[in-house]
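Structure record follows, encoded as C-alpha coordinates.
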Amino acid sequence: MSKIKLNEKQYSKLLETLFTEEEKNLDNYKAPFTSEDFIDWVNSEFDLDFLKIVRAELDSRIDFLEKVIGMATRKEIKGFKRY
1 MSKIKLNEKQ YSKLLETLFT EEEKNLDNYK APFTSEDFID WVNSEFDLDF LKIVRAELDS
61 RIDFLEKVIG MATRKEIKGF KRY
(Lines of atoms letter the chains of each structure in order from A and count residues from 1; the text may use other names and numbers.)
(Lines give C-alpha, C1' and ligand atoms only; values in the text may rest on other atoms or scores of the structure.)
Protein backbone atom coordinates (compact mmCIF):
# COMPACT_ATOMS: atom_id res chain seq x y z
CA MET A 1 0.00 0.00 0.00
CA SER A 2 1.46 3.36 -1.00
CA LYS A 3 1.44 6.38 1.26
CA ILE A 4 0.62 9.78 -0.19
CA LYS A 5 2.06 12.83 1.52
CA LEU A 6 0.17 16.09 1.17
CA ASN A 7 1.11 19.54 2.31
CA GLU A 8 -1.42 21.73 4.10
CA LYS A 9 -2.62 23.49 0.95
CA GLN A 10 -3.14 20.22 -0.94
CA TYR A 11 -4.94 18.71 2.06
CA SER A 12 -7.35 21.65 2.38
CA LYS A 13 -8.07 21.53 -1.37
CA LEU A 14 -8.76 17.80 -1.12
CA LEU A 15 -11.19 18.38 1.76
CA GLU A 16 -12.98 21.08 -0.23
CA THR A 17 -13.47 18.76 -3.17
CA LEU A 18 -14.63 15.89 -0.97
CA PHE A 19 -17.18 17.83 1.04
CA THR A 20 -18.97 20.11 -1.37
CA GLU A 21 -22.64 20.97 -0.94
CA GLU A 22 -23.47 19.00 -4.05
CA GLU A 23 -22.18 15.75 -2.53
CA LYS A 24 -23.96 16.29 0.80
CA ASN A 25 -27.29 15.99 -1.01
CA LEU A 26 -27.66 12.24 -1.51
CA ASP A 27 -30.16 12.69 -4.34
CA ASN A 28 -27.36 13.93 -6.61
CA TYR A 29 -24.58 11.73 -5.21
CA LYS A 30 -22.56 9.74 -7.71
CA ALA A 31 -20.02 7.27 -6.38
CA PRO A 32 -16.46 7.78 -7.63
CA PHE A 33 -16.28 4.09 -8.57
CA THR A 34 -18.68 1.33 -9.57
CA SER A 35 -19.34 -1.91 -7.74
CA GLU A 36 -17.46 -3.71 -10.52
CA ASP A 37 -14.43 -1.48 -9.86
CA PHE A 38 -14.64 -2.37 -6.17
CA ILE A 39 -14.82 -6.12 -6.90
CA ASP A 40 -11.86 -5.81 -9.29
CA TRP A 41 -9.91 -3.96 -6.62
CA VAL A 42 -10.67 -6.65 -4.00
CA ASN A 43 -9.64 -9.38 -6.42
CA SER A 44 -6.37 -7.60 -7.21
CA GLU A 45 -5.45 -6.87 -3.56
CA PHE A 46 -3.00 -9.25 -1.84
CA ASP A 47 -2.50 -7.54 1.53
CA LEU A 48 -4.44 -9.69 4.02
CA ASP A 49 -4.30 -7.16 6.84
CA PHE A 50 -5.77 -4.45 4.66
CA LEU A 51 -8.51 -6.75 3.38
CA LYS A 52 -9.36 -7.69 6.99
CA ILE A 53 -9.68 -4.00 7.87
CA VAL A 54 -11.99 -3.43 4.90
CA ARG A 55 -14.03 -6.49 5.90
CA ALA A 56 -14.37 -5.23 9.48
CA GLU A 57 -15.55 -1.82 8.26
CA LEU A 58 -18.06 -3.40 5.87
CA ASP A 59 -19.35 -5.72 8.60
CA SER A 60 -19.80 -2.84 11.03
CA ARG A 61 -21.65 -0.80 8.40
CA ILE A 62 -23.92 -3.76 7.57
CA ASP A 63 -24.67 -4.26 11.29
CA PHE A 64 -25.49 -0.56 11.67
CA LEU A 65 -27.83 -0.55 8.67
CA GLU A 66 -29.58 -3.73 9.83
CA LYS A 67 -30.09 -2.18 13.27
CA VAL A 68 -31.50 1.05 11.81
CA ILE A 69 -33.82 -0.87 9.48
CA GLY A 70 -34.97 -3.00 12.41
CA MET A 71 -35.78 0.06 14.50
CA ALA A 72 -37.56 1.80 11.61
CA THR A 73 -39.79 -1.15 10.74
CA ARG A 74 -40.55 -2.22 14.30
CA LYS A 75 -44.25 -2.45 15.12
CA GLU A 76 -45.58 -1.98 18.61
CA ILE A 77 -47.73 -4.83 19.91
CA LYS A 78 -50.50 -3.16 21.89
CA GLY A 79 -51.87 -6.22 23.65
CA PHE A 80 -48.92 -6.84 25.97
CA LYS A 81 -48.62 -3.58 27.88
CA ARG A 82 -48.72 -3.86 31.70
CA TYR A 83 -49.80 -0.47 33.04
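As numbered in my numbering, residues 1 to 83 make up the sequence shown, in order. Beta carbons are placed, not taken as given, at the ideal position from N, Cα and C, and that holds for glycine.
Distance between residue j and residue i (C-alpha atoms, nearest Å)
{"i": "E8", "j": "Y29", "result": "27 Å"}
{"i": "D37", "j": "S12", "result": "27 Å"}
{"i": "K75", "j": "I53", "result": "35 Å"}
{"i": "Q10", "j": "E16", "result": "10 Å"}
{"i": "D40", "j": "T34", "result": "10 Å"}
Helix, strand or coil at residue i [DSSP, three-state]
{"i": "K75", "result": "coil"}
{"i": "N43", "result": "helix"}
{"i": "Y11", "result": "helix"}
{"i": "D37", "result": "helix"}
{"i": "D27", "result": "coil"}
{"i": "M1", "result": "Reliability fails at M1, whose pLDDT of 47 lies under 50, so the model's placement of it is uncertain and the value that follows must be treated cautiously. If DSSP states are grouped into helix, strand and coil, M1 belongs with coil."}
Proximal residues to residue i (C-beta, below 8 Å), its chain only, five neighbours per side dropped
{"i": "M1", "result": "Confidence in M1 is poor, its pLDDT being 47 and thus under 50, which makes the residue's placement too unreliable to answer from."}
Contact test: residue i Cβ vs the ligand NAD heavy atom, cutoff 6 Å
{"i": "S35", "result": "Absence of the ligand NAD from the depicted structure is noted, as is the absence of any ligand whatsoever, leaving it without description."}
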